[in-house]
Each structure stands twice: as structure tokens, then as C-alpha cells.
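J.:
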Amino acid sequence: MAAFILVGCTESPKPPVLGARAAIADSIKQKSLQTDGVLKDSLMLQQLQSPLVQQFATFTAPEKPVFCGEAMPDDEDVRERFDRDFYVNVYDRAQITMYLKRSGRFFPYIEQRLKDAGLPDDLKYLMVAESAMRNVSSPAGAAGFWQLMPRVAESYGLTVNANIDERYNLEMATDGAIRYLKTSYKRFGNWTVVAASYNMGMGGAADEMAFQGQQSYYDLWLNDETARYLFRILAIKEVMANAAKYGYGAVSLYKPMPVREVETGEAIENLGKWAKTKGTSFKMLRVLNPWIRGRLLPRPPNGKYKIKLPAAESPKDQRDAAAYGYISTDDELRKLKTGIYTVREGETLQVIAERFGMSVDDLKRDNNLQSEVRAGQMLKVKP
Numbered sequence: 001m002a003a004f005i006l007v008g009c010t011e012s013p014k015p016p017v018l019g020a021r022a023a024i025a026d027s028i029k030q031k032s033l034q035t036d037g038v039l040k041d042s043l044m045l046q047q048l049q050s051p052l053v054q055q056f057a058t059f060t061a062p063e064k065p066v067f068c069g070e071a072m073p074d075d076e077d078v079r080e081r082f083d084r085d086f087y088v089n090v091y092d093r094a095q096i097t098m099y100l101k102r103s104g105r106f107f108p109y110i111e112q113r114l115k116d117a118g119l120p121d122d123l124k125y126l127m128v129a130e131s132a133m134r135n136v137s138s139p140a141g142a143a144g145f146w147q148l149m150p151r152v153a154e155s156y157g158l159t160v161n162a163n164i165d166e167r168y169n170l171e172m173a174t175d176g177a178i179r180y181l182k183t184s185y186k187r188f189g190n191w192t193v194v195a196a197s198y199n200m201g202m203g204g205a206a207d208e209m210a211f212q213g214q215q216s217y218y219d220l221w222l223n224d225e226t227a228r229y230l231f232r233i234l235a236i237k238e239v240m241a242n243a244a245k246y247g248y249g250a251v252s253l254y255k256p257m258p259v260r261e262v263e264t265g266e267a268i269e270n271l272g273k274w275a276k277t278k279g280t281s282f283k284m285l286r287v288l289n290p291w292i293r294g295r296l297l298p299r300p301p302n303g304k305y306k307i308k309l310p311a312a313e314s315p316k317d318q319r320d321a322a323a324y325g326y327i328s329t330d331d332e333l334r335k336l337k338t339g340i341y342t343v344r345e346g347e348t349l350q351v352i353a354e355r356f357g358m359s360v361d362d363l364k365r366d367n368n369l370q371s372e373v374r375a376g377q378m379l380k381v382k383p
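Sequential numbering of the sequence shown, starting at 1, is according to my numbering.
1) Contact defined as beta carbons within less than 8 Å: I believe Leu306 pairs with Glu261. What is the distance between those atoms, to the nearest angstrom?
2) For Thr280, which residues does DSSP report across the bridge?
3) Output the distance between the C-alpha atoms of Thr192 and Pro301, rounded to the nearest integer angstrom.
4) According to the Cβ coordinates, are Met440 and Leu234 closer than 9 Å?
5) Kindly provide the ranges of any alpha helix (DSSP H) runs that are 4 or more residues long and lie completely inside the segment 206-283, ordered along the chain.
6) So, with DSSP's three-state summary, where would you put Ala71?
7) Identify every residue that forms a DSSP beta bridge with Ala143.
8) DSSP puts Pro290 in a beta bridge; with which residues?
9) Kindly give me the distance between the Cβ atoms of Gly385 and Lys382, rounded to whole angstroms, as I take these residues to be in contact under 8 Å.
10) Tell me the rounded alpha-carbon separation between Tyr341 and Ile292.
11) Tell me the DSSP secondary structure of Lys306 in three-state form.
12) In terms of residues, what are the limits of the alpha helix (DSSP H) holding Tyr99?
13) How many angstroms separate the CA atom of Leu296 from the CA atom of Ile268?
14) Please check the pair Asp361 and Arg232, which I expect to be a contact at CB under 8 Å, by giving their CB distance rounded to whole angstroms.
15) With a floor of 3 residues, list each beta strand (DSSP E) that falls wholly inside the segment 335-371, ordered by position along the chain.
16) Taking only the alpha-carbon atoms, compute the straight-line gap between Tyr99 and Tyr125 and give it to the nearest angstrom.
17) Taking the beta strand (DSSP E) that Leu379 falls in, what are its first and last residues?
18) Going by C-alpha distance, which of Phe82, Asp92, Val287, Leu148 is nearest Pro256?
19) Grouping DSSP H, G and I as helix and E and B as strand, with all else coil, what is Ile5?
20) What is the residue span of the alpha helix (DSSP H) that Asp384 lies within?
21) What separation, rounded to the nearest whole angstrom, lies between the Cα atoms of Phe356 and Thr183?
Here it is, written out as C-alpha cells:
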């Protein structure tokens, strides 16, 4: 969890990111991502003895792994530290398989964003180390693919509350992570230290460098998690980038999900009903928009919500919508083509306006309405 310290009574507060002495992000400390070192190493030894991995037991760690163009130094202590995380990861076949599968869905987007920002492609593996490309949250309060802490996310303009948490919005969280990484590199000029600062905060990294008089990540004495952090990233990169070499060549990758996007500047009181009007389900709404954290959306204070929906309605979505009463009969479809719509039980002006791509004000004006509508009422809408 990030800590923000003010020194003296008159000093101006430091920006939350620049003054952080703890993680900008908080790597998930779950068994599925990174178990306690001793336990994980013990599990690795058990795996090595299983018949399933005996055919791969001749793997050796690379001599000089490279992170963002910076080669790991030829040092015995550094080598042993890398070896530990390399062997933990290369034999964690279930986890690496899932990393590879998810990479097919998410790497193309992340790679393009990093390229557009002029950042090294290797930083995508930092994201993998943080979250395994899952929208998870940590006990410390970090969340999303980039595991941003609440105050850090808010400092970059992301909304974090009970109904909306934009740390789970991949596009917006990536914006925040890129801004942080650029700021950190401008400060340190060294990508390995940038990675360490992502784990322990820029302030924490700067303090240790000043106290120890060292500029290289590899020469710093750090807390256990940060001391292993870069080696875990290097290990993940080595195995994922050379999947076939390490026996993962047959893994089939998940594909990006085709979506369409709708915008709304109105509040949505019932997301379950709203999803039905769009021919989909609340489940799919949450899957495609994990930043939606509740059952409603308040009116956006500025601009509009951009909500992802399945690119095409599935037959099941259509059946569900018909059962709920939001798919019209043939007779009603003929009416819709002429611009006439019959209000259903429970529908509001907002719901109807959203369905036909209109504003509530336009719907009221076109139908000379002064109040809410009632079931059975016929309205003029956009055909």
C-alpha cells in the first residue's frame, strides 16, 4: 500500500506518485501468482520429481537475460537470484500456460500502446508479473491489470468508488501506468530501477539509492519482494518469449473478444434491464466492462460513459431478451420501422432513449411529454 510522507510543517505536499515510499502497484501475493519464496521453491522441487515434467528436466537458464535493453550483469549472486525465479516459473506449467493463453487476447493491445508511447516492449511482462493479465485486487488495495493503488490511480484522473473503478478499465489503467513509467524513467534513466520503483515507489527507490550510494538495481539491498521483482519479470519474459523452447509450443491462445461500443451521458438505474435492451446480459456487461462495480451507473459528471457490448447479439442473448420482454414481436417490429414504439412495463424515458440512440430531452420534445411514460403508451422514436 502506498505511503505518502510530508516532511516539516511548511513544505508543500509531494504529488502522491513522486513521493511514494511504497508500491505504486502492489503485486498480488496469491499462490496463483507468487507464493512465499520458500514454499514456492519447495513446490518447484516436488514438480521436478513428477513424471509429467521429467522430459523437460534438462532446461537451463539463459546466461545473460535482458530487460528493456539492459543485460543482467555477470555476477554470481545475481545469477543465483535469477536462477531461482527462472526455475520456479519454467516448471509452473499451469500458470505459464494461462499466461500464454491470455497473451493472445491482451498483448496486441498492450504492445501497441507501449510502442505508441515510445516505451520498451518488455514492460508488458511487468504487467504479467503484477496481475497475470487478470482483473484482480490485492489485500493492500491495488487493482486491475497494472495493480494501481487507489490514490495513485486518482492522481492520474481515474475514478475509484463503489460504482466505478477505472483501474479495471484496461485502456485507462494503461494510460496511468504509461504516465508513471515515463515519469520514473525521466527521474532514474534506468529501466531496471524503474521496475523496482513500480514495486516500491519512486520515493522508496530514490531513498535506497541515496542511502546505499548505488545506482544499479542489482547492487541494491532491498526488501524481499522488490529484491525478487525484476528477476520474476525476467523469468516470465524468458519463458513466454521462448515458449516452444520450454515445451509450451502447443498452447492455443485466446483471441481478442469482438465488441461494439455505445455511449451514454445518462444515469442507468438498473444495469440488468439496460443490458437486456442492448440484447445482451448483465454477465456479459460485467465481463466486457469490469470497471463497472455495481448494479447501477450514476450520471457521469463529465462527458459520457463508453460501454463495451458484444459485437453481435448471440442467439442466447436474443432468447433471454425475448423472455424478459425487450425483443419486439413481428407486429411491433413493423411499427418500429415506421418510428412508433410501444412502452413496456417498467420502462422509463431514459431506457427508451438509450435504446433508440436519442436523448431524453429529444424524446420528450418529439412526443410532447411533460412526465414519465406508462406501459402501453405509443411514442415516436428514431426508426
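The C-beta atom is built at its ideal place from N, Cα and C for all residues, glycine as well.
For clarity, every value in this text was computed on a predicted model and none was experimentally measured.
T.: Considering the structure as presented:
1) Within the sequence shown, numbered from 1, the residue matching residue 306 stands at position 306. Within the sequence shown, numbered from 1, the residue matching residue 261 stands at position 261. Here residue 306 is Lys; the residue named in the question, Leu, does not match the sequence. Their Cβ separation, rounded to whole angstroms, is 5 Å, which keeps Lys306 and Glu261 in contact under 8 Å.
2) Stepping through the sequence shown from its first residue, residue 280 is reached at position 280. Looking at the DSSP assignment, Thr280 forms no beta bridge with any residue, so it has no partner.
3) Residue numbering aside, residue 192 sits at position 192 when the sequence shown is read from its first letter. Residue numbering aside, residue 301 sits at position 301 when the sequence shown is read from its first letter. Those two C-alpha atoms are separated by around 39 Å.
4) The shown model of the chain, from 1 to 383, leaves out residue 440, and the question about it has no answer.
5) 224-241, 271-277
6) Against the sequence shown, residue 71 aligns to sequence position 71. Ala71: strand per DSSP, three-state reduction.
7) One-based indexing of the sequence shown puts residue 143 at position 143. Paired residues: Ser137, Leu148.
8) Position 290 of the sequence shown, counted from the first residue, corresponds to residue 290. Pro290 pairs with nothing; no bridge assigned.
9) Outside the displayed range of the chain (1 to 383) lies residue 385, so it cannot be described from this structure.
10) Position 341 of the sequence shown, counting from 1, holds the residue named residue 341. Position 292 of the sequence shown, counting from 1, holds the residue named residue 292. Roughly 30 Å separates the two Cα atoms.
11) Position 306 of the sequence shown, counting from 1, holds the residue named residue 306. Looking at Lys306 - three-state DSSP - the assignment turns out to be strand.
12) Locating residue 99 in the sequence shown gives position 99, counting from the first residue. Unbroken alpha helix (DSSP H) run through Tyr99: 93-117.
13) Looking up residue 296 in the sequence shown gives position 296. Looking up residue 268 in the sequence shown gives position 268. Answer to the nearest angstrom: the Cα atoms are 6 Å apart.
14) Looking up residue 361 in the sequence shown gives position 361. Looking up residue 232 in the sequence shown gives position 232. Contact doesn't hold; Cβ gap of about 54 Å is too wide.
15) 340-342
16) Indexing the sequence shown from 1 puts residue 99 at position 99. Indexing the sequence shown from 1 puts residue 125 at position 125. If I take the Cα positions, the gap works out to 10 Å.
17) By one-based count along the sequence shown, residue 379 stands at place 379. Where Leu379 is concerned, the enclosing beta strand (DSSP E) stretches over 378-380.
18) As a first step, residue 256 is located in the sequence shown; it is residue number 256 there, counting from the start. Ranking Phe82, Asp92, Val287, Leu148 by Cα distance to Pro256 puts Val287 first.
19) Stepping through the sequence shown from its first residue, residue 5 is reached at position 5. Residue placement at Ile5 is poorly supported in this model, since its pLDDT is 35, which falls under 50; the coordinates still yield a value, given next. If DSSP states are grouped into helix, strand and coil, Ile5 belongs with coil.
20) The chain is shown only over 1 to 383; residue 384 falls outside these bounds and no answer can be derived.
21) Counted from its first residue, the sequence shown places residue 356 at position 356. Counted from its first residue, the sequence shown places residue 183 at position 183. The straight-line gap from Cα to Cα measures roughly 44 Å.
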